[in-house]
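Asks:
Number of protein chains: 4
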Amino acid sequence: MTAVPDEAAAPSAPSAPSVPSVASEVGLLAPVWAGTGVESLVSDEAYLRAMLEVEVALTETQAELGVVPAASLGPLREVARGDRIDLAALAREARDAANPVVGLVRALTAEVAKVDREAAEHVHLGSTSQDILDSALMLVARRVLRRIHEDLVRTADGLALLAARHRDTPMAGRTLTQHAVPITFGLKAAGWLALVLDADDRVRRLLSDGLPAQLGGAAGTLAAYGAYGAYGESGGGAGGDSSGTELVEPFAERLGLTAPLVPWHSLRTPIADLGAVLSFVSGALGKIAVDVQGMARTEVAEAAEPSGGGRGASSAMPQKRNPVLATLIMSAARQVPPIALVLTQSLVSEDERSAGGWHAEWQPLRECLRLAAGAASSAAELADGLAVFPDRMRANLELTGGALYAERVNVVLAPLLGKAEAKHLLARLSGAGGNGGAEGGASGNGTSGDGGSFAELLAAAPETAGRFADPEALRALLRPEGYLGASGVLVDRVLARHAKHHP
Amino acid sequence: MTAVPDEAAAPSAPSAPSVPSVASEVGLLAPVWAGTGVESLVSDEAYLRAMLEVEVALTETQAELGVVPAASLGPLREVARGDRIDLAALAREARDAANPVVGLVRALTAEVAKVDREAAEHVHLGSTSQDILDSALMLVARRVLRRIHEDLVRTADGLALLAARHRDTPMAGRTLTQHAVPITFGLKAAGWLALVLDADDRVRRLLSDGLPAQLGGAAGTLAAYGAYGAYGESGGGAGGDSSGTELVEPFAERLGLTAPLVPWHSLRTPIADLGAVLSFVSGALGKIAVDVQGMARTEVAEAAEPSGGGRGASSAMPQKRNPVLATLIMSAARQVPPIALVLTQSLVSEDERSAGGWHAEWQPLRECLRLAAGAASSAAELADGLAVFPDRMRANLELTGGALYAERVNVVLAPLLGKAEAKHLLARLSGAGGNGGAEGGASGNGTSGDGGSFAELLAAAPETAGRFADPEALRALLRPEGYLGASGVLVDRVLARHAKHHP
Amino acid sequence: MTAVPDEAAAPSAPSAPSVPSVASEVGLLAPVWAGTGVESLVSDEAYLRAMLEVEVALTETQAELGVVPAASLGPLREVARGDRIDLAALAREARDAANPVVGLVRALTAEVAKVDREAAEHVHLGSTSQDILDSALMLVARRVLRRIHEDLVRTADGLALLAARHRDTPMAGRTLTQHAVPITFGLKAAGWLALVLDADDRVRRLLSDGLPAQLGGAAGTLAAYGAYGAYGESGGGAGGDSSGTELVEPFAERLGLTAPLVPWHSLRTPIADLGAVLSFVSGALGKIAVDVQGMARTEVAEAAEPSGGGRGASSAMPQKRNPVLATLIMSAARQVPPIALVLTQSLVSEDERSAGGWHAEWQPLRECLRLAAGAASSAAELADGLAVFPDRMRANLELTGGALYAERVNVVLAPLLGKAEAKHLLARLSGAGGNGGAEGGASGNGTSGDGGSFAELLAAAPETAGRFADPEALRALLRPEGYLGASGVLVDRVLARHAKHHP
Amino acid sequence: MTAVPDEAAAPSAPSAPSVPSVASEVGLLAPVWAGTGVESLVSDEAYLRAMLEVEVALTETQAELGVVPAASLGPLREVARGDRIDLAALAREARDAANPVVGLVRALTAEVAKVDREAAEHVHLGSTSQDILDSALMLVARRVLRRIHEDLVRTADGLALLAARHRDTPMAGRTLTQHAVPITFGLKAAGWLALVLDADDRVRRLLSDGLPAQLGGAAGTLAAYGAYGAYGESGGGAGGDSSGTELVEPFAERLGLTAPLVPWHSLRTPIADLGAVLSFVSGALGKIAVDVQGMARTEVAEAAEPSGGGRGASSAMPQKRNPVLATLIMSAARQVPPIALVLTQSLVSEDERSAGGWHAEWQPLRECLRLAAGAASSAAELADGLAVFPDRMRANLELTGGALYAERVNVVLAPLLGKAEAKHLLARLSGAGGNGGAEGGASGNGTSGDGGSFAELLAAAPETAGRFADPEALRALLRPEGYLGASGVLVDRVLARHAKHHP
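Chains as they are written, first to last, in this note's numbering: chain F, 16 to 518; chain S, 16 to 518; chain R, 16 to 518; chain C, 16 to 518.
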C-alpha cells in the first residue's frame with residue numbers, strides 16, 4: 016500500500032505559524048450569513064441561553080403547580096441570567112453523555128447550590144436531556160424563522176415593486192438556454208415573487224401551527240414529572256394522581272411554544288418539517304439567484320446587483336463588479352437541501368430515543384437555519400437594489416432578427432400551409448433547419464447565416480404567397496408588444512396575491 | 016494508468032446467455048412496490064395515457080371555446096383511446112428533443128391525420144411540451160397520492176386497533192439502545208399512529224389544495240393560445256382580445272386538476288412539495304419499520320410479522336421467518352429522501368424552462384411515488400397483521416433485575432439523600448457506576464454482576480436507612496404498572512385524534 | 016382536517032382511457048439513456064440473465080470440485096439458457112421474501128426438475144439469496160462500467176481534438192458570471208478533458224481492481240458450502256475439511272469477477288465505490304454540459320450542438336435549436352449524486368445482512384449505472400460534433416471596451432502608482448467604481464456609461480501620466496493574444512496526459 | 016393566510032435572557048468532535064492561519080524567482096506570524112466580495128505597510144482569491160486527513176486485537192434481524208477491520224497522491240503571475256517569457272502540497288474526492304457503530320462500551336450506561352454523506368469560477384472533515400475498550416432451541432428426503448411454517464410454541480427415520496463449533512491484510 020508522506024518531510028517554512036489553541040467559528044467561511052445578524056441567533060451562546068430558558072421555564076411551571084417551592088426560582092433565575100457556565104468546557108464534556116445537557120445540569124446545579132443549596136435540589140426535576148435540548152432547538156428555530164419571515168416579506172415587497180414597474184417591459188423569454196418568445200421582465204419578477212410567497216406561506220404555517228415544546232421525561236411517559244408531582248412539596252408518599260401532563264401546557268406557554276399532543280422524542284415531525292421548509296426557502300431564493308446571474312452575464316447585461324462600498328470587488332480584477340448577493344444566495348441554495356436531508360432522514364429514529372439519529376439533527380438544523388436566514392437577508396437586499404436595464408432587454412430581443420416571433424408567424428401561416436409545412440418553412444427561414452450550425456457559417460443563435468434576417472427571408476419566401484409583403488404589417492407582427500400574451504394579466508394576479516398576503 | 020481487463024479474457028462460459036434485446040422493467044429489483052398494484056399507475060403506459068388525456072382535454076377545451084371546430088374531437092379521441100402509439104419508439108425518439116412530447120405530437124398528429132386530415136391540424140394547438148408533460152405528471156401523481164392516502168388510512172386504522180388493545184400493556188422503554196423506564200406498547204403504537212396521521216395530513220393537504228394543471232405555452236405567457244384564440248375558427252386576422260388565460264380553468268377542470276395562478280414551468284413548487292410529502296411518508300413509515308425490526312430481533316421477540324403463504328422465507332435457512340414487510344418499508348425509507356432531493360433541488364431552475372432541471376424531475380418523481388406507495392401498502396399489511404407478545408414484553412422488563420425503576424426509586428431517595436447522592440447510589444447499585452462492564456463480570460445490561468439484583472441491593476443498602484426494607488412495598492415500587500406515567504392518557508389523545516381524522 | 020376531493024367528482028371525460036393493466040418501463044421518462052443501448056444492459060431481463068449466470072457458475076464450480084455430479088450441469092444450463100422463467104411473476108413473488116432470488120430458485124428448481132429430477136437437487140446448493148444477487152449486480156455493473164469507459168474514451172478523444180484545434184483561440188474567461196481576463200477555448204476544452212480523464216481513471220480503477228463476486232452462504236461463513244463440500248457426492252457423513260473457501264476463486268473466475276478477501280454481505284465497499292465513481296462521472300460530464308449551455312446561450316452564441324435529423328427541435332417554436340445533449344447530460348448530473356447517496360449510506364448495514372439496507376441498493380445502483388452511461392454516451396456525441404464559433408468569441412471579447420484587460424494594465428500601473436491607487440483608478444475607469452450600475456446609465460457589463468471606452472479613458476487619464484498615450488502600444492496591450500498567460504502550455508500538458516492515457 | 020403569532024405576545028418571562036451579542040461556535044452541538052482536538056485544526060483561526068501561510072509561500076516563491084525583492088519577506092512573515100488580523104471583522108467583510116480573501120488581502124497589505132510600505136506592494140502579487148483560499152482548504156484538509164489516518168490505524172489495531180482474541184468465539188449470525196447460523200465474534204470484528212482498512216486505504220491514497228495547491232490567477236491562465244514575472248524587479252517592460260507556470264512547483268512544495276497539472280478553479284476533482292473519501296470513512300465507522308449498538312441492546316448484551324468517569328451517563332436514569340461512542344459515531348455517519356453531497360455536486364461548476372458553487376464548498380468541507388475526524392477518534396477509543404461477553408453470546412445461541420442449525424441439519428436431510436421436502440420439514444419443526452406467530456402461542460423467535468424444542472422435535476420426527484435418534488450425535492450436530500464454516504480462515508485473512516497494511 017502507498018505510504019503516507021511524512022508531515023515532517025514537508026519543508027517547514029520558518030513562517031509557518033503553529034496551529035492555534037483557540038478554536039471557534041465566527042463565520043469566516045460563510046459570508047452568506049456572517050454579518051447579517053443571524054449569527055447571534057444561532058451561536059453556541061444562543062443555544063446555551065435557550066437551554067437555560069427551558070430549565071427556568073420548567074422550574075417555574077413546577078413552582079406554579081406546587082411541585083417545587085417558589086423559593087427555588089430566585090437562585091435559578093439569577094444563575095441562568097448570568098454568565099457562569101463555561102461554554103467551552105460544556106462542549107468538551109458533552110462527549111461523555113453524547114449531549115450537552117448532562118454537563119449543563121451538573122454545572123447549573125453546582126452554581127445554584129452556591130447561591131442556595133436547597134434550590135439546587137429542584138433543578139431539572141423529573142426531566143431528561145431531550146426535553147431541555149429539543150425545547151431549546153425549537154426556541155432558536157422559532158426566532159430564526161421569524162427573521163426569515165421578515166426578510167421574505169421584505170424580499171416580496173421589493174419584487175412586487177419590480178414586477179409592477181416592469182409589468183410591460185419586454186424581454187426575451189428563454190427556454191433550454193435559447194430565446195423562445197417574448198415575455199416581460201414583470202412576469203419574470205412576478206414568478207420570483209410567487210415563489211417567495213410560497214416560501215413565506217410555508218414559514219408562516221410552521222410559525223402559526225407553532226413549534227412544539229418537548230416534555231416527556233425519560234421515555235416519553237412523563238412518569239418522573241408525575242411522580243414528583245404526586246410527591247410534591249409535602250414529601251408525601253408516591254402514588255397520587257399526577258400524570259405529569261398537567262405541566263405541558265403551562266410550560267410550553269411560558270416558552271411561547273406549542274403544547275404537543277404527545278412527546279415527540281422519536282416522532283420527529285417538527286424536525287422533518289423544518290428541514291422541508293428551510294429547503295424550500297433556499298431553493299425558492301436560489302431560483303431568483305440563478306436568473307439574476309443569467310441576466311447579469313456580461314453578454315446579456317440586463318440586470319446588475321446593487322453596488323457601492325466595495326460590494327462585488329475582486330481581489331485580482333479591478334474592473335469586476337460581481338453579482339455577489341446572487342452568489343451568496345446560490346451558495347446557500349446548493350447547501351441547504353442536502354444538509355436538510357439529515358433532518359428528513361431523522362424520521363427513521365428507533366426506539367424511544369435514537370442512538371445517533373437525534374444527535375445528528377442539531378448541527379444540520381443550525382446550519383440550515385442560518386443558511387436560509389442569510390439567503391433571505393441577501394435576497395431582500397438584492398430585491399431592493401436590483402438594477403434593471405430595459406434598453407438592453409430590447410436590444411437582446413433583436414438579436415435573432417425576428418426569429419423569436421416564429422411561433423407568432425406560425426399562427427398565421429399554419430392555416431395557410433398546414434401545420435407541418437408551416438413549421439418546416441419557419442425552421443428553415445430561421446436557420447434551425449439543420450444547416451445553421453456549420454462552423455464556417457452562422458453562430459447558431461437563430462440568425463440565418465446568409466441572405467438576410469428572418470424577417471427579410473420571410474417577406475421574400477415564395478411559399479408565403481405575399482402574405483408578409485407589406486413591410487409595415489410585418490414589422491407590426493415582429494415586435495414584442497404584439498406577442499406578450501397574458502404577461503400583464505399574470506403579473507396582476509401575482510401582485511393581487513401579494514397584496515392579500517399581508518394587509 | 017491501469018489497464019482495463021479485456022472482457023473477452025473472462026472465461027466465456029458456454030452457459031453465459033447473450034444480452035437480451037428486449038429491455039423493460041417490471042419491478043424485479045423493487046419488491047416494495049412490485050405486486051402491490053401501484054406499478055400500473057406509474058408505468059410508461061400510464062404516463063403515455065396521461066399525456067394523451069392531456070392532449071384530448073386541451074383540444075376539448077379549445078373546441079368548447081370555439082378555437083377549434085368540434086368536429087376535430089372525434090378523431091382525436093378515437094386515436095387517444097386506442098393503442099396506436101409505439102411506446103418504445105417514442106422513448107427512443109425522445110433523445111432528439113430531450114422530451115417525449117415532441118415525438119408524441121408527431122405520432123399523434125400522423126395517426127389523427129389517417130382518420131381525418133383536418134382534425135390533425137388542431138392537435139396540440141398553441142401548446143408546448145411542458146404543458147403536456149407537466150399536466151400528465153400531475154395526473155399520475157394525483158392517482159398515486161390517492162392510493163397512498165387510502166393505504167395510510169388503512170395503516171392508521173390497524174395501528175389504532177393495536178394502540179387501543181395494548182393501551183396498558185407494559186414493555187420496556189428504550190433509549191440509546193438501553194432499557195430506560197417502562198412504557199406501554201399502546202404508547203409506542205400510538206406514536207406510530209401519530210406519525211401516520213401526520214403523513215396523511217400532508218398527503219391530504221396536497222390533494223385538497225389540488226395539484227395544478229400546466230398551461231403556459233412556449234414561455235409561460237400563453238401567447239400562442241391567445242393568438243389562436245383570437246384567430247379562432249373564422250380565420251380572422253391576428254389581434255383580438257384573447258389572452259389565452261380563459262383556457263386554463265376549464266382545461267384544469269377537465270383533468271380534475273387545479274388551475275394555477277400562473278404557469279409554473281420554472282416555478283417548481285408542486286414538484287418540491289411532492290418531494291417533501293413523499294419523503295415524509297416514507298420516513299414516517301420507516302419509523303414503524305425500524306421499531307418492528309427491533310422488536311422482532313430474536314433476543315427481543317416482542318413482535319412478529321404476519322406470516323403465511325411462504326412470507327418471510329429464506330433461500331438458505333429453513334427456520335427463518337424474516338420481517339419482510341418491515342424490510343421492504345425500510346428499503347423505501349432509505350431510498351425516497353435522497354431521490355426526492357432531486358425534486359427539491361429542482362426549485363433552482365433557470366430561465367423560463369430549465370435545460371436539465373425539468374428533465375431531471377420525471378424519473379425521480381415516479382420513483383418516489385411508487386416507493387412511497389409500496390411502503391404504504393406494506394405498512395397497511397403490517398399494521399393489520401402484526402403479532403404482539405405481551406408475555407415476552409413482561410419477561411424483558413425483568414431483565415435488569417429492577418434497575419429499570421432506578422428513576423422511580425430516585426424520586427423517593429432524592430429528598431432523603433439529596434439529588435446527587437441519590438443518583439450516585441442508584442448508579443452504583445444498578446451496576447452503571449463504572450465497574451459493571453468488566454469482561455469477567457456482568458454483561459453490561461444493568462444487572463449487577465455480583466451480590467444480587469438491584470432490588471436486593473437496594474433493600475440492603477445502608478444508605479437507604481431501611482426505606483425499602485418492606486419487601487411487599489418494594490415489589491410494589493418495582494413493577495411497571497406503578498410507573499407508566501401518562502402512557503394511557505397519551506394513547507387516548509392519539510386515538511381521539513385518529514377518530515376525528517376521518518369520521 | 017381537509018377533505019380529500021373525491022376522484023369520482025372529477026369530470027369523467029368520455030375520452031379518459033382506463034388505467035392499463037400492463038406495467039413496464041422502457042425509458043419514456045429517461046431520454047438520457049433510452050435509445051443509447053444501455054437499457055438492454057440494465058433491464059430486468061438482464062438482471063434475470065445475470066442471476067442465472069451466477070447460479071450456473073456456482074453449480075459448475077461445485078461440479079468441478081466434485082461437490083455435485085457433473086451430470087447436473089446439462090439440465091441446469093439448458094434451463095438457464097432458455098426463456099422459461101416468468102419475469103413478471105418473479106417480480107411479484109419477490110414481495111414474499113423481500114428479494115427475487117427465493118422465487119427464482121423455486122422456479123429454476125422446478126424447471127430443472129422437469130428435465131432431470133436429480134439435477135434439480137443440486138441447484139443453489141449451500142447458497143443464499145445474497146450470493147446470487149450480489150454477484151449478479153456486479154456482473155451487470157461491470158458490463159455497464161465497460162461501456163461507460165468506452166464512451167469516456169470517445170468523449171476524451173473528441174475533446175482532445177477540440178483542445179488541440181483551439182489551443183490558441185481566444186475567448187473571454189468568466190468568473191462569477193462576468194468577463195474576467197482572456198483564456199483560450201483550448202484551455203476550456205482541456206479542462207473538460209482533464210475531468211473526463213479523471214472520471215475514466217476512476218472507472219478504470221474499479222474495473223482493474225475488479226468487482227468482487229459474492230460467496231458467503233447464509234451468514235458469510237460459507238458453512239453450508241463447506242458442509243456440502245465435505246459431504247460431497249459420496250454421501251459421506253458431515254465433518255470433513257472443506258471450509259467452502261475453495262469455491263470462491265474458481266467461482267469468481269468463471270464470472271470474470273474478483274475473489275473477495277471475505278464475503279461482503281454487510282461490508283458494502285463495492286457498492287459505495289460504485290456510487291462514488293458514478294457520481295463522479297456524472298458530475299464531470301455535467302461540468303461540460305453547464306459550460307456548453309453557457310456558450311450556447313443566444314446572447315453568447317460561441318458554440319452550438321451538433322444538429323441534424325430533427326435534433327433539438329421544440330414542439331412549439333419552429334426556430335429553436337435546443338442544446339439537447341447538454342440538457343440530457345445535465346439531467347443525469349442532477350440525478351446521479353443524490354441517488355448514489357443511497358449507495359454510500361448503505362455502508363451502515365447492520366448485522367450479517369441488513370434488513371432494508373441491502374434491499375435499498377438494487378434500484379438506485381441500476382439507476383446510477385444507466386444515467387451515467389447515458390450521460391457518457393451523450394457526451395461522446397457532444398464532443399464529436401460541437402460547433403465552435405471563434406469569430407463570436409472574439410466579438411464577445413470586445414464587449415467591455417478593453418476593461419477585460421484591467422488586470423493587465425494594472426501590472427504596468429501598480430509600480431507607477433502603488434497597488435491600491437492603481438486598482439482604484441482602474442475600477443473607476445472600467446465603471447466598476449460604484450456608479451456604473453445606475454439604471455439610467457450603463458448596463459452593468461463593465462462598459463463605462465459615458466465618455467468613451469475603457470481604452471479611451473485610460474489613454475486620457477491624467478494619473479497615468481501619458482504612459483498609455485501611444486495608441487498603437489495601448490492597442491497591443493489591450494488584445495487577448497498578449498494576455499493569454501500559460502493557456503497554451505496548459506493545453507499541451509493535458510493533451511500529453513491524454514496521449515499517455517491510452518496509447 | 017394564517018397570521019404569524021406575534022413574538023411579543025409570548026409571555027416575556029422575566030428570566031428570559033437577552034440574545035447575546037457574541038456569536039461563536041465551539042462545538043456545543045457537536046460532541047462527536049468537540050473535545051477530540053480536531054476542532055483546533057478546522058477552526059476559523061486555523062483557516063485564517065492557513066490563508067496566511069499561503070500568502071507567505073506565494074511571496075517567498077516569487078522572491079526566490081526574483082519577481083519580488085527578498086526584502087519584502089521579513090515584514091510579511093512578521094505580520095503573518097502575529098495576531099493582527101481581526102477575524103470577526105474579516106468574516107463580516109466577506110459579504111462584500113462573497114469570500115474572505117479580498118478583505119484579508121486588504122488587511123494584510125495594511126498591516127505590512129505599517130511595517131514596510133514597499134513590502135506591502137508585493138503582497139498577493141498577481142494572485143486571485145481562489146488561489147489563496149483553495150490552497151488553504153487543502154492545507155487544512157491534509158492536516159485533518161493525517162489525523163483521521165492515525166485514528167483509523169489506531170482503530171484497526173484495536174479491532175485486530177479483538178478479531179484475534181475472539182477468532183473462535185461463537186455467536187449468532189443475524190440476517191434481517193433474525194438468528195441465521197453461527198459465526199464468530201472474531202469474524203464480525205474482522206469485517207469491521209476490513210472496512211476500516213478500506214477506509215484508510217482511501218485516506219492514504221488521497222494523502223499519497225497529494226492534495227493540490229491552487230495557482231492559476233484570475234481565470235486559470237496564470238497570466239498576471241507571468242506578467243509580473245516578466246516585468247520582474249527590474250521594472251522592465253511587459254512581455255518577456257514568463258508564463259507563470261514556473262511558480263507552481265516551488266509554491267506547492269513550500270506548502271507540502273502537490274503541483275496540479277492545470278489550475279482547478281472550476282475542475283473540482285480534489286473537492287469531490289475529499290467528499291467521497293470522508294463519506295466512506297464515516298460510513299465504514301457507522302457500520303461498527305450500528306453493530307455495537309445491536310450487541311449492546313439490553314436483551315442482547317453481548318458487548319458494552321468502555322466506561323468510567325461518567326461516560327455514558329443519563330440526565331434522568333441513574334442505571335443507564337449508554338453506548339455513547341457508538342452514538343457519536345452514528346451521529347457522524349448520518350451527517351457526513353448528505354453534507355458531502357454538496358462537494359460531489361460541486362463538480363458541476365460553470366465557467367472559470369462558479370458563482371456559488373465554489374462558495375458552497377467551504378463550510379461543508381470543514382463539516383465533513385471534523386465529523387469524520389471526530390468519528391475516527393471515537394472509533395479508536397471504542398475499539399480499544401470494547402467489552403465483549405462470550406458467555407452471553409453462547410447463551411443467546413441457545414435461544415432458538417437448536418433451530419439455528421436448521422441449515423446444518425438440512426445438509427444431512429436433503430439427500431435423504433429431497434431438497435424441498437427437507438426444507439419443508441425443517442421449517443415446520445422450527446416453527447417457521449406459518450403457525451408459529453399466533454399471538455397466544457410462540458413469541459416468534461423460532462422456538463416452537465408447544466411440544467418441545469427444535470432438537471426434541473427433530474429427534475422425534477418420523478420423517479427423519481431415526482437419523483437423529485442418537486442424542487449424543489444430535490447434540491454434536493447442534494452446537495456452534497461444528498458449523499462455523501470458514502470463520503477462522505476468514506479472520507486470518509483479514510489479520511494478514513492488517514499486518515501488511517502497516518509494517
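Glycine residues also receive a C-beta, built at the ideal position from the N, C-alpha and C atoms.
Nothing here was measured: the structure is a model prediction, and the numbers come from that model.
Check the Cβ-Cβ distances between A398/R and every residue of chain F, and say whether any is below 9 Å.
Replies: Within the third sequence, the letter at position 383 stands for residue 398/R. No, A398/R lies away from the interface with chain F (no Cβ there is under 9 Å from its Cβ).
Asks: Which chain A residues sit within Cβ distance under 7 Å of W207/C?
Replies: No chain A is present in this structure, whose protein chains are F, S, R and C.
Asks: Compare the C-beta of V196/C with all C-beta atoms of chain R and state if any pair is closer than 9 Å.
Replies: The residue given as residue 196/C occupies position 181 in the fourth sequence. Yes, V196/C lies at the interface with chain R (some Cβ there is under 9 Å from its Cβ).
Asks: Which residues bound the beta strand (DSSP E) around I198/C?
Replies: As a working note, residue 198/C is residue 183 in the fourth sequence. I198/C -> beta strand (DSSP E) spans Q193 to T199.
Asks: Note down, in chain order, every chain F residue with its Cβ under 9 Å from the Cβ of Q360/S.
Replies: Position 345 of the second sequence, counting from 1, holds the residue named residue 360/S. In chain order: S294, G298, G301, A348, R349, P352 and P353.
Asks: Please find out if some non-hydrogen atom of the ligand FAD comes closer than 8 Å to the beta-carbon of A476/C.
Replies: Because no ligand of any kind appears in the structure shown, any question about the ligand FAD cannot be addressed here.
Asks: Quick one: which chain R residues come within Cβ less than 7 Å of Y498/C?
Replies: Looking up residue 498/C in the fourth sequence gives position 483. In chain order: A238.
Asks: Quick check on this structure: which residue in A239/S, L510/S and L177/S has the alpha carbon closest to the alpha carbon of L419/F?
Replies: By one-based count along the first sequence, residue 419/F stands at place 404. Selected option, being the one with the closest Cα: A239/S.
Asks: What in chain R is Cβ-close to R512/C, meaning under 8 Å?
Replies: Here the question's residue 512/C lines up with position 497 in the fourth sequence. The contacting residues are L276.
Asks: Determine the chain F residues that contact M345/R at a beta-carbon separation under 7 Å, and present them in chain order.
Replies: On the third sequence, residue 345/R is found 330 positions in, with the first residue counted as 1. What M345/R touches in chain F: nothing, since even the nearest Cβ is about 10 Å away.
Asks: Cα separation between S330/F and L44/F?
Replies: Your numbering for residue 330/F matches position 315 in the first sequence. Your numbering for residue 44/F matches position 29 in the first sequence. When rounded, the distance between both Cα atoms is 17 Å.
Asks: Using CA coordinates, which residue listed in G500/C, A287/C and M332/C is at the minimum distance from A528/S?
Replies: Beyond the ends of chain S as shown, which are 16 and 518, falls residue 528/S; an answer cannot be given.
Asks: Around the C-beta of K203/F, are 16 or more other C-beta atoms found within 10 angstroms, so that it is buried, or is it exposed?
Replies: Within the first sequence, numbered from 1, the residue matching residue 203/F stands at position 188. Its Cβ being crowded by 16 or more others within 10 Å, K203/F is buried.
Asks: Excluding the 5 residues flanking L105/R on each side, which residues of the same chain have their C-beta closer than 8 Å to its C-beta?
Replies: Here residue 105/R corresponds to residue number 90 of the third sequence, with the count starting at 1. The answer, listed in chain order, is L63, P115, G118, L119 and A122.
Asks: Examine chain S for any beta-carbon lying closer than 9 Å to the beta-carbon of D213/F, and answer yes or no.
Replies: Counting from 1 along the first sequence, the entry for residue 213/F is found at position 198. Yes - at least one Cβ of chain S is within 9 Å of the one on D213/F.
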